[in-house]
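Trainee: Residue numbers (the numbering used here): 3 to 336.
#1: So is residue 45 buried or exposed if we call it buried at 16+ other beta carbons inside 10 Å?
#2: Use the C-beta contact count for residue 222: other C-beta atoms within 10 angstroms, 16 or more gives buried, fewer gives exposed.
#3: Give the secondary structure of residue 129 by DSSP, where H, G and I count as helix, E and B as strand, and everything else as coil.
#4: Reducing DSSP to helix, strand and coil, say where residue 190 ends up.
#5: For residue 213, which residues does DSSP report across the bridge?
#6: Applying the criterion that 16 or more other CB atoms from any shown protein chain within 10 Å of the CB defines a buried residue, is residue 147 buried or exposed?
#7: Reducing DSSP to helix, strand and coil, say where residue 223 ends up.
#8: Taking residue 201 as the reference, give the member of 133, 69 and 182 with the closest Cα.
#9: Does DSSP classify residue 258 as helix, strand or coil?
#10: Using CA atoms only, rank isn't needed, just tell me which of 295, 141 and 260 is closest to residue 179.
#11: Which term fits residue 80, buried or exposed, when burial requires 16 or more other beta carbons within 10 angstroms of its beta carbon?
#12: Going by beta-carbon coordinates alone, are residue 139 and residue 113 separated by less than 8 Å?
#13: Determine the DSSP secondary structure at residue 327, reduced to helix, strand or coil.
#14: How far does the beta strand (DSSP E) with residue 352 in it extend, from its first residue to its last?
#15: Since residue 166 sits in a beta bridge, which residues does DSSP pair it with?
#16: Following the continuous alpha helix (DSSP H) through residue 277, name the residue where it begins and the one where it ends.
#17: So, under 8 Å CB-CB, residue 301 and residue 326 are touching, yes? Tell me the CB distance rounded to an integer number of Å.
#18: Closest to residue 311 by CA distance: which of 214, 143 and 94 is it?
#19: Is the distance from the Cβ of residue 323 to the Cβ of residue 164 below 8 Å?
#20: Evaluate residue 169 with the Cβ neighbour count: other Cβ atoms within 10 Å of its Cβ, from every protein chain shown; 16 or more gives buried, anything less gives exposed.
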């Protein structure tokens, strides 16, 4: 009988040290993207299984279809570049295994029908995307037997394996960059407070302001759309006419904020510096080009898909919850 591969063998196959392989498995952010991907590939190739009890037995289906369950209205999928980038990463990863990806848009209205379909055996596993606080599927699916992983950490109290990016550290980088540029009154346009990624970016902003001895300015909220960013920027200008910088929790909202600043006669970045979050393609198209926090969206989708396939294949990856690093990309808006 063949023996199970060890962590040392995984590290050797990946061309990294055992310590680095261990850090990848425990989800530390201090691992390069290339090393993390090499370790994931080695795990899949060798069939490495962490020695922990599985919560669920692997499901057997005629075809290992994976569903990407987007907890947003369909219209959002065609206007926010985050979703196609994430789905592209997931689809390319699953294609290596010959596994199709099915995309489903789930709203609170159609959630019961989506739940019934997912639990009927039509798919082997599901990836939750953009699951807001008490979204029905964030409640019902974790209690079911379906293989499940969230692209983005779910709120506290909902125990679902995840892959996430370090949203708090990304916000810290944005604030520290603005402070180094000499900005004194730094406001924020945050995302939906019931979405963990948005909440973490707000926490990171506040912590960075506190660490610098600066009082956090009033926070405006949007829903990650261009229109909400434009409206939120107007709200901030009315309450803080002397603000000289704004950190915006998504690039789409940042483009809306820049539009409002232009209409108000404020120059970017001379009068107001703007930093976004995502590094979506539009960040390079807006004028001025947007300084932003890059999150590895395609890699987020790919790793979530890899781990779902590993779970379908019987590997114990339930407690492997990677957190991917973010990176400041400096352009003209700051």
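Glycine included, each C-beta is placed from N, C-alpha and C at the ideal position.
Mentor: Considering the structure as presented:
#1: For this step, residue 45 is matched to residue 43 along the chain shown. The C-beta of residue 45 has 16 or more other C-beta atoms within 10 Å across all chains shown, which makes the residue buried.
#2: On the chain shown, position 220 is the one that residue 222 refers to. With a 10 Å radius around the Cβ and a threshold of 16 neighbouring Cβ atoms, residue 222 comes out buried.
#3: Locating residue 129 in the chain shown gives position 127, where the first residue counts as 1. The answer is strand: DSSP assigns residue 129 an E or B state.
#4: Here residue 190 refers to the residue found at position 188 when the chain shown is read from its first residue. It is a strand residue.
#5: Numbered from 1 along the chain shown, position 211 holds the residue referred to as residue 213. Beta-bridge pairing links residue 213 to no other residue.
#6: As a first step, residue 147 is located in the chain shown; it is residue number 145 there, counting from the start. Under this definition residue 147 is an exposed residue.
#7: The sequence position of residue 223 within the chain shown is 221, counting from 1. Looking at residue 223 - three-state DSSP - the assignment turns out to be strand.
#8: Translated into the one-based positions of the chain shown, residue 201 becomes position 199. Comparing C-alpha distances from residue 201 to each of 133, 69 and 182 shows the shortest one belongs to 133.
#9: Within the chain shown, the letter at position 256 stands for residue 258. The answer is helix: DSSP assigns residue 258 an H, G or I state.
#10: By one-based count along the chain shown, residue 179 stands at place 177. Sorting 295, 141 and 260 by C-alpha distance to the C-alpha of residue 179 places 295 at the top.
#11: For this step, residue 80 is matched to residue 78 along the chain shown. Its Cβ having fewer than 16 others within 10 Å, residue 80 is exposed.
#12: The residue given as residue 139 occupies position 137 in the chain shown. The residue given as residue 113 occupies position 111 in the chain shown. Yes.
#13: Numbered from its first residue, the chain shown carries residue 327 at position 325. Coil at residue 327, not helix or strand.
#14: Limits of the chain in this structure are 3 at one end and 336 at the other, which puts residue 352 out of reach.
#15: Within the chain shown, residue 166 is the residue found at index 164, counting from 1. Residue pairing by DSSP puts residue 166 in a beta bridge opposite 325.
#16: One-based indexing of the chain shown puts residue 277 at position 275. For residue 277, no alpha helix (DSSP H) encloses it; the enclosing beta strand (DSSP E) starts and ends at 275 to 280.
#17: Here residue 301 refers to the residue found at position 299 of the chain shown. Here residue 326 refers to the residue found at position 324 of the chain shown. With a Cβ gap of about 6 Å, residue 301 and residue 326 count as contacting.
#18: Walking along the chain shown from the start, residue 311 turns up at place 309. When only C-alpha atoms are compared, the closest one is 94.
#19: Position 321 of the chain shown, counting from 1, holds the residue named residue 323. Position 162 of the chain shown, counting from 1, holds the residue named residue 164. Cβ distance < 8 Å, so residue 323 and residue 164 count as in contact.
#20: Reading the chain shown from its first residue, position 167 is the one you call residue 169. With 16 or more other Cβ atoms within 10 Å, it is buried.
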